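Worksheet for the structure shown next.
2 protein chains.
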Amino acid sequence: MTTSSRYAVALHVLVALAHLGEDGATSERLAGSVNTNPVVVRRILGLLAKAGFVSGQGGRHGGYKLARDPKKIALDAVLKAVEPDGIFPVHENPPNRVCPVSCGIKEVLGGVFARAEASMHDRLRETSVADLLRRVESTG
Amino acid sequence: MTTSSRYAVALHVLVALAHLGEDGATSERLAGSVNTNPVVVRRILGLLAKAGFVSGQGGRHGGYKLARDPKKIALDAVLKAVEPDGIFPVHENPPNRVCPVSCGIKEVLGGVFARAEASMHDRLRETSVADLLRRVESTG
DNA sequence: GCCAGAGTACTCGGATAATCCATGTCCGAGTGCGTACGG
DNA sequence: CCGTACGCACTCGGACATGGATTATCCGAGTACTCTGGC
Chain P
1 MTTSSRYAVA LHVLVALAHL GEDGATSERL AGSVNTNPVV VRRILGLLAK AGFVSGQGGR
61 HGGYKLARDP KKIALDAVLK AVEPDGIFPV HENPPNRVCP VSCGIKEVLG GVFARAEASM
121 HDRLRETSVA DLLRRVESTG
Chain F
1001 MTTSSRYAVA LHVLVALAHL GEDGATSERL AGSVNTNPVV VRRILGLLAK AGFVSGQGGR
1061 HGGYKLARDP KKIALDAVLK AVEPDGIFPV HENPPNRVCP VSCGIKEVLG GVFARAEASM
1121 HDRLRETSVA DLLRRVESTG
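Read top to bottom, the protein sequences are chains P and F. Just so you know, we're using my numbering here: the first sequence kicks off at 1 and counts up by one. Just so you know, we're using my numbering here: the second sequence kicks off at 1001 and counts up by one.
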């Protein structure tokens, strides 16, 4: 599995939890659904718990549950939770003062990237976890 | 997924080549501007050469030059060239037939991601390498 | 029968090894200029 | 003097080590159920 499928895994897990409802599921079961290691799921769910989307409970009969109405979980918020640094990292500012491009490129690229990401977030905001669940259930 | 900084480096290099014009530059000089290793630049320029944006010439007095008018190089095309697999990779299709979410999630996520990326591409298409160069020169 | 207590099974969370990708280093292939030699 | 052939300097492109990040394994902390013993 590639390194950057965190977002896809996060959405997969959220949809699964929305599907299961109040019962919730353990990280092992979710991992079986995603076909990965339970630790990966736990780590991603840790990020989602910090953002307030899920709640984890240890102990027997523990597991994860949604902490919010899936209709209130928009996809852009999930992306911010699991990729807080943004999609397009800019390389470190080069100290090359000779090249005029080096000096100004960072600021210019930052603006372009911010606008592009904002556009993407606007589109993602239109969809919620509940929408995804409905589509999955209708296609499945 | 954290896209690496390939895209930022690619744009930096393209702007630098547009700034230099017909003279072009070697990978070593470009690497000095980007503050990285020449081989990184060569690899990215290899992708851009495949896409027809630049042309590389070996031998003495070799180097890279733009192969197209910078006004005709849109930022979305550059992104496609350096990240052909898209921004949001979807994890491998899990063989878990028991979970209904597993079966349908891939297709649903694929659609959502495609729309989000399309929105971003539309925004990126509005800007060209020449626009970036103009902004860099005005701010510098 | 009922309650208290320890025991057990099960889960999450963090710390520690193994693995994978990206980066960095090196070498061969190719090109163009410069020079030396012969005519 | 002029042309040709060789040599050299320089560059790209790909193959081989290295580093950091991601992933997988392991162990401790915590919770709820269960069983046992006493009242």
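In this text, a Cβ means the ideal position worked out from N, Cα and C, and glycines have one as well. Since we're looking at a predicted model, the values are computed, not measured.
Per-residue burial, residue i [other beta carbons within 10 Å of its own, 16 or more giving buried]
| i | result |
| --- | --- |
| P:E117 | buried |
| P:E92 | exposed |
| P:T3 | Any reading at P:T3 must be qualified, since the residue scores a pLDDT of 41, below 50, and its modelled position is unreliable; the value itself is stated next. Counting Cβ neighbours within 10 Å, P:T3 comes out exposed, since fewer than 16 surround it. |
| F:P1070 | buried |
| P:S128 | buried |
| F:S1102 | buried |
| P:T139 | exposed |
| F:V1034 | buried |
| P:A114 | exposed |
| F:E1126 | exposed |
| F:V1054 | buried |
| F:E1143 | No statement about residue 1143 of chain F is possible, as the shown extent of chain F runs from 1001 to 1140 and does not include it. |
Per-residue contacts from residue i into chain P (C-beta, under 7 Å)
| i | result |
| --- | --- |
| F:R1123 | R115, A116, S119 |
| F:S1102 | S33 |
Any C-beta of chain F under 8 Å from that of residue i
| i | result |
| --- | --- |
| P:E22 | no |
| P:H19 | yes |
| P:M1 | Any answer about P:M1 is weak, because its pLDDT of 41 lies below 50 and its placement is not dependable; what the coordinates show is given next. Yes, contact with chain F. |
| P:V108 | yes |
| P:V82 | no |
Residues that residue i contacts on chain F, provided the C-beta gap is smaller than 7 Å
| i | result |
| --- | --- |
| P:I105 | H1012, V1015, V1136 |
Minimum Cβ-Cβ distance from residue i to chain P less than 8 Å
| i | result |
| --- | --- |
| F:E1028 | no |
| F:I1087 | yes |
Residue i - DSSP class collapsed to helix/strand/coil
| i | result |
| --- | --- |
| F:V1054 | strand |
| F:G1059 | coil |
| P:A25 | strand |
| P:S138 | helix |
| P:A74 | strand |
| F:S1128 | strand |
Listed by chain order, chain F residues near residue i by CB distance under 8 Å
| i | result |
| --- | --- |
| P:H91 | S1005, A1008, V1009, H1012, V1034, N1035, T1036 |
Partner residues on chain P for residue i, Cβ-Cβ distance less than 9 Å
| i | result |
| --- | --- |
| F:V1129 | Within 9 Å Cβ-Cβ: nothing; F:V1129 doesn't reach chain P, min ~11 Å. |
- Using Cβ-Cβ distances below 9 Å, what residues of the segment 1036 to 1057 of chain F are close to chain P? Legend: CB atoms of the segment 1036 to 1057 of chain F lying less than 9 Å from CB atoms of chain P belong to residues T1036.
- Query: Listed from N- to C-terminal order along the chain, which residues in the segment 54 to 80 of chain P have their beta-carbon within a distance smaller than 8 Å of any beta-carbon of chain F?
  - Reply: L75
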